[in-house]
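Numbering-wise, our numbering puts 7 at position 7 of the sequence shown, and it's gapless, one number per residue.
All C-beta atoms, glycine included, are put in the ideal place defined by N, C-alpha and C.
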Amino acid sequence: MHPPLHTKDNSGCEEVMNALDECHARGFLYKALGNCNKAKREVNKCLRAERLDRTKQNREKAKIERAKREAAWAEIDKNS
1 MHPPLHTKDN
11 SGCEEVMNAL
21 DECHARGFLY
31 KALGNCNKAK
41 REVNKCLRAE
51 RLDRTKQNRE
61 KAKIERAKRE
71 AAWAEIDKNS
């Protein structure tokens with residue numbers, strides 16, 4: 001089960017999410033027979049790509065912040 005799909009973090013997947021919503025709107029039997037599986041796989045792939053991109057950005061941001069922190073501590077140690 002996905003978290004709420006239509007959020008600002010998943011805006012790049014809007015098209016495939018809408019396709020899945022349209023498929024689900026066709027009814028329970030259509031969905032139960034597996035006719036929405038391809039759309040669901042596409043949503044999964046898109047959400048994974050979005051998540052990996054956010055993870056990469058967060059990692060880079062954390063590296064920069066850590067370097068700043070370590071530089072500040074090095075300056076403090078140097079002046080002590």
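Might you give, ordered along the chain, the residues of its own chain that have their beta carbon closer than 8 angstroms to the beta carbon of residue i, omitting 5 neighbours on each side?
i     : result
Leu47 : His2, Leu5, Asn10, Cys13
Asn35 : Cys23, Arg26
Please state whether DSSP places residue i in a helix, a strand or coil.
i     : result
Asn35 : coil
Arg48 : helix
His6  : coil
Gly27 : coil
Ser80 : coil
Please state if the CB of residue j and the CB of residue i are separated by a distance shorter than 9 angstroms.
i     : j     : result
Ala19 : Ala39 : yes
Identify, in the order they occur along the chain, each residue of the same chain with its Cβ nearer than 7 angstroms to the Cβ of residue i, setting aside the five sequence neighbours on each side.
i     : result
Val43 : Cys13, Val16, Met17, Leu20
Arg54 : Asp9
Glu50 : Asp9, Asn10, Gly12, Cys13
Can you name, in chain order, every residue of its own chain whose Cβ lies under 6 angstroms from the Cβ of residue i, other than the five neighbours on each side?
i     : result
Lys31 : His24
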